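Basically my numbering = 1-based index in the sequence shown + 148.
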Amino acid sequence: ADYAFLRGTGSSGLMPQGILTCPAMISVTRAGGNAIAQADVAKMWRTLIPSAMPRAIWTITPTAIEQLTKITSYSPNQGNVSDGTAGTIYTRPLFITEKMPALGTIGDIMLFDPSMYVIGNRQEVLIDVSADVPGFFEKNQSVLRVWLRMAGLPQLSKKVRLADGSTEASAA
149 ADYAFLRGTG SSGLMPQGIL TCPAMISVTR AGGNAIAQAD VAKMWRTLIP
199 SAMPRAIWTI TPTAIEQLTK ITSYSPNQGN VSDGTAGTIY TRPLFITEKM
249 PALGTIGDIM LFDPSMYVIG NRQEVLIDVS ADVPGFFEKN QSVLRVWLRM
299 AGLPQLSKKV RLADGSTEAS AA
């Protein structure tokens with residue numbers, strides 16, 4: 149589910165529309181190649197809707213962990229990792245997840261407001277067990293079927309223009 153909510157294509161009703169593929173997402177031009185620089189995170193922070201700033205989180209791919217030390221606004225956790233974060237950038241929590249694209253590709257680091265993503269849960273997880281497959285009974289095996297009906301969609305379908313009239317912003 150995490151992968152689908154972050155990177156889902158929204159295609160054919162098989163996968164939710166992810167934050168990374170959302171039409172409202174704003175991609176910033178990097179200061180340099182396959183590196184994440186302070187200028188990059190500053191641009192990302194600038195394009196976030198101001199009302200989303202208190203709830204925003206950062207996600208980063210494990211292949212970009214080395215880049216964190218070059219970001220001056222990054223503050224690593226000082227021994228307390230019970231909340232699952234790897235520190236903060238601009239006071240907002242940072243999560244390292246393997247569900248993000250590799251360093252140097254769009255989405256290797258993201259800033260978004262998770263409260264601006266809607267998750268619809270049609271029903272609880274259904275688990276069916278069948279021991280009717282020939283030969284499985286003798287091997288103490290069963291056939292499992294797990295069924296989950298869930299959807300996800302960013303609340304914003306496009307970028308918004310701030311009241312100053314010249315700035316495009318988004319929550320993703």
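By construction, the Cβ of each residue, glycine as well, lies at the ideal position given by its N, Cα and C atoms.
All values reported here derive from a predicted model rather than from experimental measurement.
Whether residue i touches residue j by CB criterion (7 Å)
| i | j | result |
| --- | --- | --- |
| Ile205 | Ala320 | no |
| Val189 | Ile244 | no |
| Gly255 | Pro262 | no |
| Arg293 | Asp276 | yes |
| Met258 | Thr315 | no |
| Ala179 | Ala187 | yes |
| Leu154 | Thr211 | no |
| Glu150 | Lys247 | Reading off the sequence, residue 150 comes out as Asp, not Glu. Contact: yes. |
| Pro241 | Thr233 | yes |
Host beta strand (DSSP E) of residue i (start-end)
| i | result |
| --- | --- |
| Val291 | 291-295 |
| Ile213 | No beta strand (DSSP E) contains Ile213, which is instead part of the alpha helix (DSSP H) from 213-216. |
| Val176 | It is not in any beta strand (DSSP E) - Val176 carries neither H nor E in the DSSP assignment. |
Residue i, DSSP secondary structure in three states
| i | result |
| --- | --- |
| Thr318 | Note on residue identity: the sequence assigns Ser, not Thr, to residue 318. Ser318: strand per DSSP, three-state reduction. |
| Val277 | strand |
| Phe285 | coil |
| Ser154 | Reading off the sequence shown, one finds Leu at residue 154, where the question assumed Ser. Looking at Leu154 - three-state DSSP - the assignment turns out to be helix. |
| Arg194 | helix |
| Gln303 | coil |
Where residue i falls, given that 16 or more other Cβ within 10 Å makes a residue buried
| i | result |
| --- | --- |
| Ser318 | buried |
| Ile267 | exposed |
| Thr177 | exposed |
| Gln226 | exposed |
Extract the residue ranges of the alpha helix (DSSP H) inside the region 198-274, only unbroken runs of 4 or more that lie entirely within it. 213-216
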